[in-house]
Amino acid sequence: MSGPKVINIEAVRRRQKRESQVLLRRLQLVLADCERWQAQPQAEDSLMRLEILRDSEQWESLLLEAGRLHDFYQEESHRLRQQQAADKAAKLRRSHRRNQAVTQMKLQLRNLPPAPERDALLAKLANSDFAEDESALNAALDLLEEANSHQNNNRLRDLAACLIDGEAETDTPVRPSAPGAPHRERLEKCWRLLGELSADAPCSEIEALSAKAREVVGQSTDHRVLLLDSLALELSALLQRQRAARRWNEEVEILLTELEEIRSPSAEEWKQRLAASRKEAAPFEVNEKIVDEARAWIDQTIADENREEQRGAVLKALAAIGYEVREGMATAWVEQGRIVLRKADESSYGVELTAPTLGSTLQTRVVAFTDSGRDPQRDLEVEETWCDEFEKARADLSRSGFEANLLQAHPVGTIPLKTVETAPSVASHRQTQGLLENKRFDPRN
Numbered sequence: 056m057s058g059p060k061v062i063n064i065e066a067v068r069r070r071q072k073r074e075s076q077v078l079l080r081r082l083q084l085v086l087a088d089c090e091r092w093q094a095q096p097q098a099e100d101s102l103m104r105l106e107i108l109r110d111s112e113q114w115e116s117l118l119l120e121a122g123r124l125h126d127f128y129q130e131e132s133h134r135l136r137q138q139q140a141a142d143k144a145a146k147l148r149r150s151h152r153r154n155q156a157v158t159q160m161k162l163q164l165r166n167l168p169p170a171p172e173r174d175a176l177l178a179k180l181a182n183s184d185f186a187e188d189e190s191a192l193n194a195a196l197d198l199l200e201e202a203n204s205h206q207n208n209n210r211l212r213d214l215a216a217c218l219i220d221g222e223a224e225t226d227t228p229v230r231p232s233a234p235g236a237p238h239r240e241r242l243e244k245c246w247r248l249l250g251e252l253s254a255d256a257p258c259s260e261i262e263a264l265s266a267k268a269r270e271v272v273g274q275s276t277d278h279r280v281l282l283l284d285s286l287a288l289e290l291s292a293l294l295q296r297q298r299a300a301r302r303w304n305e306e307v308e309i310l311l312t313e314l315e316e317i318r319s320p321s322a323e324e325w326k327q328r329l330a331a332s333r334k335e336a337a338p339f340e341v342n343e344k345i346v347d348e349a350r351a352w353i354d355q356t357i358a359d360e361n362r363e364e365q366r367g368a369v370l371k372a373l374a375a376i377g378y379e380v381r382e383g384m385a386t387a388w389v390e391q392g393r394i395v396l397r398k399a400d401e402s403s404y405g406v407e408l409t410a411p412t413l414g415s416t417l418q419t420r421v422v423a424f425t426d427s428g429r430d431p432q433r434d435l436e437v438e439e440t441w442c443d444e445f446e447k448a449r450a451d452l453s454r455s456g457f458e459a460n461l462l463q464a465h466p467v468g469t470i471p472l473k474t475v476e477t478a479p480s481v482a483s484h485r486q487t488q489g490l491l492e493n494k495r496f497d498p499r500n
């Protein structure tokens, strides 16, 4: 297949680098989540290996290793978050039961005749923390046992144990609320939601919502279920906002990471806009518009820069096999959509490169500079020669970090050579050689 060819050129190395940087940032974020709840360093040795791979630009290996670590620690982060939520819900539940126990014991103590010991216990129960509550409750039970020796004392202790510890077992039928009461299921749902919210919400906000739940439980039975349903809806909505905010903040981090790899001067402006948007956002509020705009700009800019690099790499690969390349050719290529190159020792034939303004496809074909006096056999020989040169250019592109996949090709001679009316001006061999030797070769200039 030596005739006109259509190839798709992708800047693989740059894409792998960008994906690696993004994946590393995602890994850092998920590790930070793990360390919030586990309070110990995570994957230090693995991170050092990833840094070595990054410094040596082994992007493919880095993507595989970082992807494996990210998946593992993402699951671990989810497990730790769920554990944190369950622990917090259990703590809220115990706190609520403790408050119930304290309230009931105070009622029982107030039924006793006034006495210094009784008054001291009431004061202690009114101003105590969890550890002191347990001690005060036991002291109150002792006092109640002495004052009500005719009652079943085990019943009081059993009741207090159930109030403090929801997992405690009891044969006592009398409890503040029956296990099957509708409001208990709704209250339990509220504790679970509050537990999950506590992973990211400020403690003061969680405490206020917890107090609201306890206040609702104190309402009359007729309104309690409706109030708990309303609170559960409020907590569910807040949790959805919290999750959206967490995703939004992660997306902002990823955008900032991607902006580091963009050469455009506007990238710095986008960094400042994103940072300001995050700083100005209220808790659980997100600015989806700026994220969408930044993503669209980044994707478009990366595509533009990739096409720019593609054109430069193609011209450099052709210069390496002897084609004349002048400074400014890439710019002319963009403006005209096509460009024709030829070798210094070839005055009758050249190679035309055609590429759309958008996309990464490229068409190459041999062209002639005159219609008259051409030898058809010579046309075929030039096409066959270009086939070998084309493969050399593809190999050079591969070494430069590009992947050139052949999409379409035509057998030699099946399509007549296109005739170009005038040959391009020929740059000196010395200029082309100088461009090749310059490691900072840039056909745009």
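At position 121 of the sequence shown (counting the first as 1) the number is 176 in my numbering, and the numbers step up by one without a gap. Even glycine gets a Cβ: it sits at the ideal position worked out from N, Cα and C. All values derive from a computational prediction rather than experimental measurement.
Would you kindly report the start and end of the unbroken alpha helix (DSSP H) that includes residue i?
{"i": "N154", "result": "114-165"}
{"i": "K179", "result": "171-181"}
{"i": "K60", "result": "It is not in any alpha helix (DSSP H) - K60 instead sits in the beta strand (DSSP E) that spans 60-65."}
{"i": "D434", "result": "431-454"}
{"i": "H238", "result": "237-252"}
{"i": "S321", "result": "321-335"}
{"i": "I107", "result": "99-110"}
Taking the alpha-carbon of residue i as reference, which of the options has the nearest alpha-carbon?
{"i": "T356", "options": "A202, E313, L329", "result": "E313"}
{"i": "A331", "options": "V346, R429, I317", "result": "V346"}
{"i": "E243", "options": "M160, S150, S453", "result": "S150"}
{"i": "S291", "options": "L248, A349, V157, A385", "result": "L248"}
{"i": "D110", "options": "L79, P320, V272, R91", "result": "L79"}
{"i": "V280", "options": "L311, C245, R393, E382", "result": "C245"}
{"i": "T409", "options": "N193, R393, A299", "result": "R393"}
{"i": "Q129", "options": "R81, W114, R165", "result": "R81"}
{"i": "W352", "options": "L310, R134, A194", "result": "L310"}
{"i": "V307", "options": "K344, I107, S190", "result": "K344"}
{"i": "N460", "options": "L417, P431, G468", "result": "L417"}
{"i": "L180", "options": "P168, Q159, P169, Q295", "result": "Q159"}
{"i": "A349", "options": "A399, W303, R298", "result": "W303"}
{"i": "A375", "options": "A299, R454, E324, T425", "result": "R454"}
{"i": "T474", "options": "Y404, Q432, I107", "result": "Y404"}
{"i": "L422", "options": "E112, G414, V406", "result": "Sequence check: residue 422 is Val here, not Leu. Out of E112, G414, V406, V406 has the C-alpha closest to the C-alpha of V422."}
{"i": "S402", "options": "E476, R123, I107", "result": "E476"}
{"i": "A66", "options": "A358, D430, L472, D426", "result": "A358"}
Kindly list the residues whose CB is nearer than 6 Å to the CB of residue i, restricted to its own chain and excluding five residues on each side of it in sequence; keep chain order.
{"i": "Q365", "result": "I64"}
{"i": "S253", "result": "K143, I261"}
{"i": "K60", "result": "T419, A464"}
{"i": "A372", "result": "A448, D451, L452"}
{"i": "R68", "result": "G456"}
{"i": "R165", "result": "none"}
{"i": "V389", "result": "none"}
{"i": "V229", "result": "The pLDDT assigned to V229 is 37, lower than 50, so where the model puts this residue is not dependable; a value taken from the coordinates is nonetheless given after this. No residues qualify anywhere along the chain."}
{"i": "L147", "result": "W246, L249, S265"}
Within the continuous beta strand (DSSP E) that includes residue i, where are the two ends?
{"i": "G377", "result": "Per DSSP, G377 belongs to no beta strand (DSSP E) and is neither H nor E."}
{"i": "V395", "result": "393-396"}
Look up residue i in the DSSP assignment and give the residues it is bridged to.
{"i": "Q418", "result": "V61, T409"}
{"i": "T474", "result": "A423"}
{"i": "N460", "result": "N63"}
Whose C-beta lies closer than 8 Å to the C-beta of residue i among residues of the same chain, with five residues either side of it excluded?
{"i": "R318", "result": "E360"}
{"i": "N154", "result": "R269"}
{"i": "A121", "result": "S75, L78, L79, L82, L105"}
{"i": "A387", "result": "I394"}
{"i": "L118", "result": "Q71, E74, S75, L78"}
{"i": "D284", "result": "R241"}
{"i": "I107", "result": "none"}
Quick check on residue i: does DSSP put it in helix, strand or coil?
{"i": "A233", "result": "With a pLDDT of 45 at A233, under the threshold of 50, the modelled position of that residue is not reliable, and no figure is offered here."}
Near residue i, which residues of its chain fall below 7 Å by C-beta distance, leaving aside the five closest residues on each side in sequence?
{"i": "C89", "result": "Q97, Y128, E131, S132, L135"}
{"i": "Q139", "result": "W92, A254"}
{"i": "E324", "result": "none"}
{"i": "L84", "result": "E305, E308"}
{"i": "E251", "result": "A140, L294"}
{"i": "S116", "result": "L108"}
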